[in-house]
Structures are given as C-alpha cells and as structure tokens.
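J.: Okay, handing you the structure first.
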Amino acid sequence: METVSTEVVTENKSCHYDFSASQDDSPVKEYKPLNWLKNSQAVKQPDPETIVTDSQENKDTLQALNNCVGVNDAQLAYEPQVKEKLPIRRTVCYVCSEELIQRCNQMIKIPMRADIVHFLIEGYGLLKFMRVVRPRPATYDQLTVFHDPDYIDFLKRITDVEDEEKYDEEAQQFGLSYDCPAHVGVYEYAALVSGATLQAAESLIDGTADVAINWYGGWHHGKKDSASGFCYTNDVVLGILKLREKFDRVLYVDLDLHHGDGVEDAFCTTNKVLTVSVHKFTSGFFPGTGSLDDIGYNRGKYYSINVPLLDGIKDPEFVALMYRVLNKVNDHYKPDVIICQCGADGVAGDPMESFNLTPLSLGRCVQLMLSWKLPVMLLGGGGYHHANTARCWAYLTGVVLGRKLNNDIPEHKYILEYGPDYELGISAGNMKDSNNKEYLQGIYRQLMEMVNHIS
Ligand code: CO
C-alpha cells in the first residue's frame with residue numbers, strides 16, 4: 044500500500060546532504076512487525092499505520108491508568124475512539140537545509156545535535172517520502188510580530204561582536220547569559236530557526252502539506268523581550284501566530300520535559316489558542332511554572348492546561364493520561380490545526396534524569412493527534428542525549444509516514460553514536476516513579492473537570 048507522497052524537492056547540488064530519491068537500499072521496511080524492544084517492561088512499538096484501540100496492547104496501557112486512578116464509566120468515554128484502520132494519505136513536509144543544520148550544530152547547549160538527527164532520518168531513507176523544504180530566515184518584521192523590537196535590535200547589534208563582555212550588562216537584561224549566551228551569528232541563527240517554523244506553518248496554510256516537521260525548532264521558553272532556557276526567539280509563538288492567519292482555533296501540545304511557559308504566556312488571555320503542556324513540576328525545576336492551577340486569564344481562562352508530573356513517570360501511565368486529556372480537549376475545543384512540540388528530554392537516558400519514558404509514548408500522542416485528520420505541525424525542542432533524541436525524532440518521522448523503521452541503526456556518518464547496541468529502540472528507564480496512585484488520581488480528576496469549561 045503505497046499512499047504517502049513521494050514528491051521531493053531537489054536541493055542545490057552543492058549541498059552535501061543527499062535529498063534525492065536515490066536510495067533503493069533503504070532500510071525502511073514497510074509494515075513489517077518487529078521484535079521492537081527486548082525489554083519486556085517497555086511498551087511495544089505501536090503499528091504506525093493505525094491506532095487500533097481494541098488491541099490487547101492498548102487495553103493494557105489504559106488498564107494501567109484505570110488501576111492508578113479508578114476511573115468511572117463516564118470518564119471511560121474519553122478512551123481513544125478511533126476504531127477503524129487509518130490509511131496513510133498524508134503529504135509530509137520536512138523543513139531543512141544545510142545552513143539550518145549548520146547553524147543549529149553550533150548551539151553550545153546541543154552541539155552537532157541537528158546533524159545527528161538529520162543524518163539518522165536520511166540514513167533511514169525517509170527523505171524520499173517527504174517534501175524537503177528549504178527555510179528562509181524570518182525577516183525583522185516577522186520576528187517583531189511577537190518579539191519586542193528592542194530585543195531583536197539588540198540581537199542584531201551583538202551578532203557580529205566577538206567580545207561579549209562589551210555588552211555584558213545589557214545582554215543580561217535581555218536574558219543573554221547563562222543558558223542563553225550571546226555568540227557570533229546569534230541573530231542569523233534565531234532568524235533562520237524561526238523562519239523554518241514559519242515555513243512549516245505556510246505549508247499547512249497553503250495546503251501543500253498535511254503534516255509539517257521542523258525538528259530544529261520548538262524553542263518554547265523564548266519571551267517577548269528576552270531569551271530564556273536555551274531559546275533566543277520563540278519560533279513556536281511565531282508559528283502559531285502565522286497559523287492564526289488562516290485557522291481560527293489552534294491547539295498547542297507541548298510534550299517536552301519542561302513547561303512550555305513562553306508559549307503559554309503569549310496566549311494565556313485568548314481562547315483562540317489552547318495550550319496543553321505536560322511536564323515535570325517539582326520545586327526548583329526550570330522554569331518553575333505550569334502548576335495544575337495555572338489555567339489562563341480573562342477570555343483565556345481554562346484555555347491553558349497543565350499536566351504537572353513528578354520524577355519517574357513511565358510510558359503506560361503517561362500515555363493513558365495524555366490520551367484521555369487530549370481526547371477530551373479535542374472533543375470540547377474542536378481545533379482547526381495542531382502544533383506539537385516533541386521535546387525528547389523526558390526520554391530515559393537524558394542527562395535531565397527525570398522521566399522514564401521511551402519515544403513510544405510521544406509516538407502514541409502524535410498518532411492520536413494525527414488520527415483527528417487535521418493539519419499538524421511537529422517541532423523539536425529539548426533533548427540532551429543526542430543519539431536518543433535522534434532515535435526519537437526519526438521514529439516520530441516514521442510514525443507520520445506510516446513506516447516502521449528497522450530496529451538496527453543503518454550504516455551512516457554517526458553510527459558510532461548508537462553503541463553499544465546500535466538499535467533504534469530505547470528501554471524504559473528504571474528510576475523511582477514518584478507519581479503514585481493518589482497523585483495521578485488527583486490531577487486526572489481536576490483536569491477532566493477543568494476541560495468541561497472549554498467550548
Ligand atoms: Co526541555
């Protein structure tokens with residue numbers, strides 16, 4: 044069943060990335076069941092072409108939450124409703140260029156991560172199934188749709204300055220220190236990453252894509268007038284504002300380990316953008332916001348939803364909780380478009396050492412959103428174990444394309460990053476799970492009640 048788009052934009056010949064559709068020896072194996080994970084504790088890889096809710100696997104997952112929270116019959120109505128097999132008929136656009144990758148590679152908090160991610164996706168032969176779109180940098184006017192001109196002016200002014208100390212005091216005022224140091228080329232980086240997300244939004248607006256992917260964006264902490272938490276400009280907010288030019292109601296889902304504070308702040312007083320963020324919420328953990336009671340203001344009251352979790356959450360509980368929350372949000376809100384930040388810093392093995400998730404839990408959430416048959420944008424974000432982040436986003440790309448990837452990492456430039464197993468699958472972490480029954484029960488009930496206010 045070959046139903047995905049195979050249109051490929053041929054890239055500039057001087058580009059060393061191979062965007063051409065020439066790999067006949069692609070390691071992609073269509074729909075072949077795999078012995079996905081050796082670890083029996085982990086959830087099996089869901090079949091990316093379908094969400095079959097009556098499978099034993101799904102029952103087990105949902106049972107996990109039932110056991111935790113003791114849901115009643117009315118609440119059970121919010122189990123996944125998709126029963127039929129969904130044929131994959133999506134046109135997928137992947138925003139990428141050599142310059143984008145190179146600029147992202149230079150980010151001091153995630154050096155070379157973009158390269159590792161891109162080459163794994165290429166190594167799996169997935170580029171030929173997507174329309175590869177080269178991003179343009181966002182213009183000054185596009186950046187200042189959200190950002191304060193003073194802040195953008197400052198980024199522009201220091202972008203060529205080698206001696207950072209020259210602007211030290213002013214830089215601190217704009218958040219350009221610690222996590223977000225000013226560096227040469229910072230403006231060009233921020234403009235290009237933001238432009239890439241705008242490009243993804245444009246492809247959904249003009250209908251040239253059903254799903255648009257920018258794994259190099261997702262910088263959800265960026266503030267109107269300052270940098271924050273590795274984020275210089277907030278491409279997510281800019282992307283949402285762009286989508287609003289066509290779509291009336293935008294659903295933003297943030298799966299990153301950290302609270303999506305910059306995006307929530309930007310839209311906390313409107314009911315035209317509903318934000319859902321699931322994240323670690325413990326004392327002293329960045330950015331410190333995103334409690335259950337943080338629900339938005341004025342017209343935006345109830346349109347900011349936060350799912351605060353404690354250390355050690357595992358796939359079954361995470362998926363079951365998010366399935367219900369997202370399903371009920373979708374039923375009440377009826378969005379026109381979805382934008383999902385897929386930060387991989389909650390995946391086991393991340394230096395953040397917080398959650399015990401595997402990429403399958405993000406995949407399940409993405410699959411659910413895809414099943415609503417709305418335009419979807421997928422963005423990257425955090426993820427500080429570079430090989431695991433690449434595993435996660437390559438897997439999610441496969442989910443979008445309806446293709447299972449071979450569990451053996453293909454031979455490619457960065458294969459050595461994947462030792463000692465050289466496998467795509469990641470075993471669930473085994474850190475202590477602090478999300479006990481009472482805790483999950485409490486947030487689940489409060490969230491279900493809160494979503495009733497949404498219309
Ligand atoms: Co993060």
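To convert, take the position in the sequence shown, counting from 1, and add 43; that gives this note's numbering.
Cβ atoms here follow ideal geometry from the backbone N, Cα and C, with glycine treated the same way.
1) Which complete alpha helix (DSSP H) runs does the segment 375-420 hold, if anything under 4 residues is left out?
2) Can you pull every residue whose C-beta falls closer than 5 angstroms to some heavy atom of the ligand CO, listed in chain order?
3) Is the CB-CB distance between Gly425 and Asp476 below 7 angstroms?
4) Is Gly331 buried or exposed, if buried means 16 or more other CB atoms sit within 10 Å of its CB?
5) Less than 8 angstroms between C-beta atoms, sequence neighbours within five positions excluded: which residues of the same chain meet that for Asn341?
6) Since Ile159 and His429 are thought to touch, with beta carbons under 8 angstroms apart, how far apart are those beta carbons, to the nearest angstrom?
7) Where does Glu466 sit, in a helix, a strand or coil, going by DSSP?
8) Restricting to Cα atoms, I'd like to know which of Leu439, Glu360, Leu241 is closest to Val188.
9) So, at 6 angstroms on beta carbons, what are the nonlocal neighbours of Ile256 in its own chain, with the 5 sequence-adjacent residues on each side left out?
10) Taking Ser347 as part of the beta strand (DSSP E), name the residues at either end of that continuous run.
11) Say whether the segment 142-153 touches the segment 441-448, bearing in mind that this needs 3 or more beta-carbon pairs closer than 8 angstroms, one atom from each stretch.
12) Count the other CB atoms, across all protein chains shown, that sit within 10 Å of the CB of Glu307; report buried if there are 16 or more and exposed otherwise.
13) If you drop the 5 nearest sequence neighbours on each side, which residues of the same chain put their C-beta closer than 7 angstroms to that of Asn478?
14) Using three-state DSSP, classify His322 as helix, strand or coil.
15) When you compare the CB positions of Tyr170 and Ala433, do they come within less than 7 angstroms of one another, or not?
16) Nearest to Val494 by alpha carbon, out of Phe398, Pro178, Ser347?
17) Anyone know if the C-beta pair for Leu298 and Cys385 falls short of 7 angstroms?
18) Between the beta-carbon of Pro453 and the beta-carbon of Tyr230, is there less than 7 angstroms?
19) Could you spell out the range, first to last residue, of the beta strand (DSSP E) harbouring Asn148?
T.: Once the coordinates are examined:
1) 402-413
2) Asp299, Leu300, His301, Gly386, Asp388, Gly425
3) no
4) exposed
5) Thr312
6) 5 angstroms
7) strand
8) Leu241
9) Tyr137, Leu421
10) 347-352
11) no
12) buried
13) Leu352, Leu353, Gly355, Ile356, Glu360
14) strand
15) According to the sequence provided, residue 170 is Leu. The question's Tyr does not apply to it. In this structure, Ala433 does not lie closer than 7 angstroms to Leu170 by Cβ.
16) Ser347
17) yes
18) no
19) Not the beta strand (DSSP E): Asn148 falls in the alpha helix (DSSP H), residues 141-148.
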